[in-house]
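Beneath this line is the structure, given in structure tokens, with notes to follow.
Residue numbers (this note's numbering), protein chains in the order written: chain A, 24 to 384; chain B, 251 to 416.
If you want it as structure tokens, here you go:
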């Protein structure tokens, strides 16, 4: 069995800590080995999910003032404050080497994380769909994506976490709300440092993790380095990651301004919590029909173009549950889409929640 | 040992071992070629398993080995030990289903390089009691067949075996 390549790249710039797995994935060729990257950032930053709208989720002004870079990843999930306290464990695999169903894929990816925590004496378990828990507290989430020929699954070894700054960088409606978020992060999240009373040695834990990967996959692992071509692709992607166009994508409806909005044409939005994550729906409504639609949030949906396709097919549809349901059902029937924890009814509920909302100013 | 006995031993060794590009392929052992391990069936019905010379060479100097517990029953292909060198971490898979009856953990604890020095002797890994041997032994090969297969692999992968001396 071909060995899995391990790229233990240590600490790199915040941007590189995200760009590298995109680069390795997009550079993947048939002969590229399945690869696991272990990486952390030299400095803190904020990272948002692929389907999120930056300004709706992150306190952009605070981040700018405090020189915290913000990057959009091509993986679903939520906005998160990241720093040296986490070692990211990024899998870039060939399609045929991972289970086709996302639920099973997450289970396989999470097993060595859980086993590593358990070997340290931390009672971690896999909480489906894609979380790792310790007695009801979350110790890191995971995400999945397809990039080029590669299948990507990412997560982290949670050594430590800055709860205070995590609560600080999120966009919230009031400071009281921020305090509530901080309290619930404190209550419902944990780290190795909290569980053990001290931070375990990074090298020992990383080594144990690779041992557990080998056990879980039944394949050998070989430490190696990225190729010059993979580095070149990563550097190319960093240019895109640094652009405002990429960071601020989504939310296009707010910025168009080209359409004259009058009494029969207005923007409205709503948020709906589905089992697979928050869905924000922003629609431009014209005489009771969806004229344009943006769907954002911290859900996971593959392939990456699927959300855009769903937004497209709902254009022109009357804002009523039955025709929306029919369109969404057709969408799931015709495309091979996976959105764990988000089904047809969740989209219908999210979009229908717009009805009755006051027009956005 | 007198000269005669030594000569006899040397001749016996010559007969039972084939050395190719430094790689030792003992003809009295059986090999699971795909999993790159050796098997020796013992008189008590157990089987001793270990890394081959090519496997220990490709893996490099061991830094750690973690064994499954004695008494554990494993299926064919499941890992009975995790072997680590500086640049390599690999499972040591069961060539057939069986129960772990002994591990060589104690020896490795004192000398982690034992399998790099003596892969077919003191550096054995585990002893297992097979549970479904008749159905699962068809792929094991020995003697000239094994030597021929290993010769091909050694050339294809450009392996030159070496043993640790320090």
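All C-beta atoms, glycine included, are put in the ideal place defined by N, C-alpha and C.
1. Mapping the DSSP letters down to three states, classify residue 256/A as helix, strand or coil.
2. So residue 337/B contacts chain A; which residues on that side make the cut at Cβ distance below 7 Å?
3. Rounded to whole angstroms, what's the CA-CA distance from residue 154/A to residue 353/B? Just pull it up for me.
4. Is the beta carbon of residue 480/B less than 7 Å from the beta carbon of residue 280/B?
5. Can you tell me where the alpha helix (DSSP H) holding residue 389/B begins and where it ends?
6. Does the beta carbon of residue 332/B sit closer than 7 Å to a beta carbon anywhere in chain A?
7. Is residue 134/A closer than 7 Å to residue 244/A when the C-beta atoms are compared?
8. Leaving out the 5 sequence neighbours to the left and right, which residues in its chain are closer than 8 Å to residue 406/B when beta-carbon positions are compared?
9. What's the gap between the Cα of residue 338/A and the Cα of residue 303/A?
10. Do residue 192/A and residue 69/A come within 7 Å of each other at the CB atom, strictly closer than that value?
11. Have a look at residue 382/A and residue 75/A and give me their C-alpha separation to the nearest angstrom.
12. Quick one: which unbroken beta strand (DSSP E) runs of 3-plus residues sit fully inside the stretch 68-152 of chain A? Chain order, please.
13. For a quick check, are the C-beta atoms of residue 380/B and residue 241/A less than 7 Å apart?
14. At a CB-CB cut-off below 9 Å, which residues of chain A make contact with residue 405/B?
15. With 7 Å as the threshold, decide whether the Cβ of residue 347/B is near any Cβ in chain A.
16. Check each residue of the stretch 317-328 of chain B: if its Cβ is closer than 9 Å to any Cβ of chain A, include it; give the result in chain order.
17. Which bits of chain B does residue 241/A rub up against, with CB to CB less than 9 Å?
18. Once the 5 residues before and after residue 152/A are set aside, which same chain residues still bring their CB inside 8 Å of it?
19. Have a look at residue 73/A and residue 79/A and give me their C-alpha separation to the nearest angstrom.
20. Using alpha carbons as the reference points, say which of 97/A, 86/A, 150/A lies closest to residue 264/A.
21. Do the stretch 350-359 of chain A and the stretch 108-123 of chain A make contact, defined as three or more Cβ pairs closer than 8 Å?
22. Would you please verify whether the beta carbon of residue 408/B is less than 7 Å from any beta carbon of chain A?
23. Just to confirm, is the Cβ distance from residue 306/A to residue 377/A under 7 Å?
24. Would you identify the three-state DSSP class for residue 40/A, choosing helix, strand or coil?
25. Find the residues of chain B that neighbour residue 238/A, judging by a C-beta separation of less than 8 Å, and give them in chain order.
26. Is the distance from the Cβ of residue 365/B to the Cβ of residue 373/B below 7 Å?
27. Measuring CB atoms only, is the stretch 157-176 of chain A touching the stretch 196-207 of chain A, in the sense that at least three cross pairs come out at less than 8 Å?
28. Less than 7 Å between CB atoms is the rule here; does residue 233/A satisfy it with respect to chain B?
29. Can you give me the C-alpha to C-alpha distance between residue 301/B and residue 231/A, rounded to a whole angstrom?
30. In angstroms, rounded to a whole number, what distance separates the CA positions of residue 146/A and residue 160/A?
31. What is the rounded straight-line gap between the Cα of residue 401/B and the Cα of residue 414/B?
32. In three-state DSSP terms, what is residue 425/B?
In this structure, then:
1. By one-based count along the first chain, residue 256/A stands at place 233. Of the three classes helix, strand and coil, the one that applies to residue 256/A here is helix, per DSSP.
2. Here residue 337/B refers to the residue found at position 87 when the second chain is read from its first residue. Ordered by position in chain A, the residues that pass the 7 Å Cβ test against residue 337/B are 245, 246.
3. Translated into the one-based positions of the first chain, residue 154/A becomes position 131. Translated into the one-based positions of the second chain, residue 353/B becomes position 103. As the crow flies, the alpha-carbon of residue 154/A is around 36 Å from that of residue 353/B.
4. Residue 480/B cannot be examined here, being either before or after the span of chain B that is shown, 251 to 416.
5. By one-based count along the second chain, residue 389/B stands at place 139. Run containing residue 389/B: none; DSSP gives neither H nor E here.
6. As a working mapping, residue 332/B is identified with position 82 in the second chain. Chain A contact via Cβ: present.
7. Position 221 of the first chain, counted from the start, is the residue given in the question as residue 244/A. Position 111 of the first chain, counted from the start, is the residue given in the question as residue 134/A. No, these two residues do not count as a Cβ contact at 7 Å.
8. Translated into positions along the second chain, residue 406/B becomes position 156. Within its own chain, no residue has a Cβ closer than 8 Å to the Cβ of residue 406/B once the five positions on either side in sequence are excluded.
9. Translated into the one-based positions of the first chain, residue 338/A becomes position 315. Translated into the one-based positions of the first chain, residue 303/A becomes position 280. Straight across, the Cα-Cα distance linking residue 338/A with residue 303/A is about 16 Å.
10. Against the first chain, residue 69/A aligns to sequence position 46. Against the first chain, residue 192/A aligns to sequence position 169. Yes, these two residues count as a Cβ contact at 7 Å.
11. Translated into positions along the first chain, residue 382/A becomes position 359. Translated into positions along the first chain, residue 75/A becomes position 52. Residue 382/A and residue 75/A: Cα-Cα distance of roughly 21 Å.
12. 68-71, 93-95, 103-105, 109-117, 147-150
13. The residue given as residue 380/B occupies position 130 in the second chain. The residue given as residue 241/A occupies position 218 in the first chain. When the beta-carbon positions are compared, residue 380/B and residue 241/A stay at least 7 Å from each other.
14. Taking the first residue of the second chain as position 1, residue 405/B is located at position 155. At a beta-carbon threshold of 9 Å, none of the residues of chain A lie near residue 405/B; the nearest stands roughly 20 Å away.
15. By 1-based counting over the second chain, the position of residue 347/B is 97. Chain A, which has no Cβ nearer than 7 Å to the Cβ of residue 347/B, makes this no.
16. Within the stretch 317-328 of chain B, the residues whose Cβ lies closer than 9 Å to some Cβ of chain A are 327, 328, listed in chain order.
17. For this step, residue 241/A is matched to residue 218 along the first chain. Correct list: 327, 328, 329, 341, 343.
18. Here the question's residue 152/A lines up with position 129 in the first chain. 125, 126, 129, 299, 363, 364, listed in sequence order.
19. For this step, residue 73/A is matched to residue 50 along the first chain. For this step, residue 79/A is matched to residue 56 along the first chain. Distance between the alpha carbons of residue 73/A and residue 79/A: 13 Å.
20. Here residue 264/A corresponds to residue number 241 of the first chain, with the count starting at 1. Of the candidates 97/A, 86/A, 150/A, the one whose C-alpha sits nearest the C-alpha of residue 264/A is 97/A.
21. no
22. As a position in the second chain, residue 408/B is number 158, starting the count at 1. By this cut-off, residue 408/B is not an interface position.
23. The residue you call residue 306/A lines up with position 283 of the first chain. The residue you call residue 377/A lines up with position 354 of the first chain. Yes, these two residues count as a Cβ contact at 7 Å.
24. Within the first chain, numbered from 1, the residue matching residue 40/A stands at position 17. Three-state DSSP puts residue 40/A in a helix.
25. The sequence position of residue 238/A within the first chain is 215, counting from 1. Neighbours of residue 238/A on chain B, chain order: 329, 332, 341.
26. As a position in the second chain, residue 365/B is number 115, starting the count at 1. As a position in the second chain, residue 373/B is number 123, starting the count at 1. Yes, the pair counts as a contact, with Cβ atoms nearer than the cut-off.
27. no
28. Here residue 233/A refers to the residue found at position 210 when the first chain is read from its first residue. The beta carbon of residue 233/A sits closer than 7 Å to some beta carbon of chain B.
29. Here residue 301/B refers to the residue found at position 51 when the second chain is read from its first residue. Here residue 231/A refers to the residue found at position 208 when the first chain is read from its first residue. Distance between the alpha carbons of residue 301/B and residue 231/A is about 22 Å.
30. Residue mapping note: residue 146/A aligns to position 123 of the first chain, counting from 1. Residue mapping note: residue 160/A aligns to position 137 of the first chain, counting from 1. Using only the alpha carbons, I get a separation of about 11 Å.
31. Within the second chain, the letter at position 151 stands for residue 401/B. Within the second chain, the letter at position 164 stands for residue 414/B. Per the coordinates, the alpha-carbon of residue 401/B lies some 22 Å from the alpha-carbon of residue 414/B.
32. In the structure displayed, chain B extends from 251 to 416; residue 425/B sits before or after that span and is not available.
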